[in-house]
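Numbering (the working numbering), first residue to last: 2 to 272.
Here it is in structure tokens:
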């Protein structure tokens, strides 16, 4: 994990509106106390990557059915009960001047400048969530380049969160796996029934995940996802069934697959 030039960068939070009148379950209203046990949720969306494997384009702003991937990724969270704040970590240029659609989408959305790596961007978004006026108990992290997340999967992850335990959405591996050596010689065939492909969303107690990321900076640990950082710091992680179509757009081919899927469904996003 790259050490940021200044850890205080997280304080440069751009509210996209004043957020006045947002109730405890994320609704626009009087802000009265909730009458149900739904935890207060904060959402962290890392979307600061420049997309080297996409030819250097800003993949979060590539369009799918005429809508940016990032907007597809954001929408389901705005309907999840308990969401108090959504922090999007963008590249410096977009963070300084967020797109108009993001400013108009929902007053709970805020923007921070992301870091050099995904881990840095997640940590900066978590720092901003921790500074939120209301006490956010659970942080949900979701990749800005995963446009097909559903509200149901988000809620399944949140339901599994406990002190010391997080949850990660995933899908069972269906291909036969091969372990190879440095020369790509096959040295083993692991039992695929024990393997799942990790996706996002991933949900954790906010302060436990943030402390894990802070510690990772100090000890120069770079996890490939949030669950890896959380486990490295001593937490437990529960796998939650996601969906087969919750793909992450990483290569140009992925965007073509996503567009073909949308065309086949005849809708903006899969159900």
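All C-beta atoms in this analysis are idealised placements derived from N, C-alpha and C, irrespective of residue type, glycine included.
Exposed unless 16 or more other CB atoms sit within 10 angstroms - verdict on residue 154: With 16 or more Cβ atoms within 10 Å of its Cβ, residue 154 is classed as buried.
Contacts around residue 260, its chain only, beta-carbon distance under 7 angstroms, and the 5 residues preceding and following it disregarded: Apart from the 5 residues on each side of it in sequence, residue 260 sits with its Cβ closer than 7 angstroms to the Cβ of 65 in its chain, given in chain order.
Where the alpha helix (DSSP H) containing residue 230 begins and where it ends: Where residue 230 is concerned, the enclosing alpha helix (DSSP H) stretches over 227-233.
Residues of its chain near residue 237, where Cβ-Cβ distance is below 7 angstroms and the 5 sequence neighbours each way are ignored: Non-local C-beta neighbours of residue 237 in its own chain, meaning closer than 7 angstroms and more than five positions away in sequence, comprise 165, 166, ordered along the chain.
Residue 47 beta carbon less than 8 angstroms from that of residue 151: Not closer than 8 angstroms, so no.
Inter-residue spacing [alpha-carbon to alpha-carbon] between residue 158 and residue 43: Answer to the nearest angstrom: the Cα atoms are 13 angstroms apart.
Contact check, residue 240 vs residue 171, beta carbons under 8 angstroms: With contacts defined by Cβ atoms closer than 8 angstroms, residue 240 and residue 171 form a contacting pair.
Neighbourhood of residue 133 by C-beta, 7 angstroms cutoff - its chain only, sequence neighbours within 5 removed: Excluding residues within five positions, the ones whose Cβ falls inside 7 angstroms are 43, 85, 86.
Neighbourhood of residue 124 by C-beta distance below 6 angstroms, restricted to the same chain and skipping five residues each side: So the list reads 214, once near-sequence residues are dropped.
8 angstroms contact criterion, which residue 91 and residue 112 should meet: CB distance rounded: The C-beta distance from residue 91 to residue 112 rounds to 6 angstroms, short enough to fall under 8 angstroms.
Counted within 10 angstroms of its Cβ, other Cβ atoms place residue 183 as buried (16 or more) or exposed: Only exposed fits residue 183, as fewer than 16 other CB atoms lie within 10 angstroms of its CB.
Local conformation of residue 118 per DSSP, three classes: Three-state DSSP puts residue 118 in coil, outside helix and strand.
Residue from 203, 179, 258 with nearest C-alpha to residue 162: Of 203, 179, 258, the residue nearest in Cα terms is 203.
Residue 82 (DSSP reduced to helix, strand or coil): The answer is coil: DSSP assigns residue 82 none of H, G, I, E or B.
Sheet register partners of residue 102 (DSSP bridge): Paired residue(s): none; residue 102 is not in a bridge.
Distance between beta carbons of residue 110 and residue 207, contact taken as under 8 angstroms: With a Cβ gap of about 18 angstroms, residue 207 and residue 110 do not count as contacting.
Reduced DSSP category for residue 159 - H, G, I as helix; E, B as strand; rest coil: Collapsing the DSSP output to three states places residue 159 in a helix.
Of the listed residues 107, 252, 211, 234, nearest to residue 129 (C-alpha basis): Ranking 107, 252, 211, 234 by Cα distance to residue 129 puts 211 first.
Span separating the alpha-carbon of residue 105 from that of residue 192: Annotation: residue 105 to residue 192 spans about 48 angstroms, alpha carbon to alpha carbon.
Cα-Cα separation between residue 120 and residue 226, rounded to whole angstroms: Distance from the CA atom of residue 120 to the CA atom of residue 226, rounded to whole angstroms, is 8 angstroms.
Alpha-carbon spacing of residue 221 relative to residue 230, whole angstroms: Straight-line spacing of the CA atoms in residue 221 and residue 230 works out to 11 angstroms.
Per-residue burial, residue 235 [other beta carbons within 10 Å of its own, 16 or more giving buried]: Residue 235 is exposed by the Cβ-count criterion.
Span of the alpha helix (DSSP H), counted from its first residue to its last, around residue 253: In the DSSP assignment, residue 253 falls within the unbroken alpha helix (DSSP H) covering 253-266.
Contact check, residue 256 vs residue 72, beta carbons under 8 angstroms: No, the Cβ-Cβ distance between residue 256 and residue 72 is not below 8 angstroms.
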